[in-house]
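Heads up: the sequence shown is residues 22 to 158, going by this note's numbering. The structure appears right after this line, and notes come after that.
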Amino acid sequence: MPLAGHCLCKAVTYTVDIDAPLATAYDHCDDCQRQSGSTYSLVAVVPKDKLDLSGPVKTWTGQGSSGHPVHRLFCSECGSPIAHDPEAAPEIIALKAGTLNTKIKQTLKPDTEIWTVSKLPFCQESLAHPFEHMPGP
């Protein structure tokens, strides 16, 4: 069954033609903290070429630690963050896992933490595979 999701107002919808994310990660980078308004962003990493996204998406582009742009996609109607798309890793896109359909979200098992160098001190949970920054290819 493909992955599927939508923004808060359902104007932006997507499907990903895979059964499960390549990785499900707590992303502690400062940009994800700011975009989510929380201590981290739970992301579902998927192959970009398997993503079918439709609806009124806006993009804000910032610079990642790699020096390459990171495109942050969000709904232009309700403002829900949908994904971040790092040019340093052109084959993947990181969907904001909270936008996945509820039944899919309930089956996620986060297996990775990234950007633990930016992890806030009161976040004590640690997973099996922490990375201080974004892991390499």
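From the three backbone atoms N, C-alpha and C, an ideal C-beta is built for every residue, glycine too.
A check of alpha carbon separations from Ala109 across Pro102, Ala118, Lys124 and Pro90 identifies Pro90 as the nearest. For Val64 and Asp40, the gap between their C-alpha atoms comes out near 16 Å.
By the Cβ-count criterion, Leu24 is buried, with 16 or more other Cβ atoms from all chains shown falling within 10 Å of its own Cβ.
At a Cβ-Cβ threshold of 8 Å, Cys30 and Ile103 do not count as neighbours. Under DSSP, Ala46 takes part in a beta bridge, and its partners are Val64 and Thr133.
Nearest C-alpha to Gly100 among Gly76, Ser86 and Ser139: Gly76.
The C-beta distance from Thr60 to Asp132 rounds to 18 Å, too long to meet the 8 Å contact threshold. If you draw a straight line from the Cα of Leu72 to the Cα of Leu94, it comes to about 13 Å.
When beta bridges are read from the DSSP output, Pro90 appears opposite Gln84.
In this structure, Leu121 places its C-beta atom within 8 Å of the C-beta atom of Gly26.
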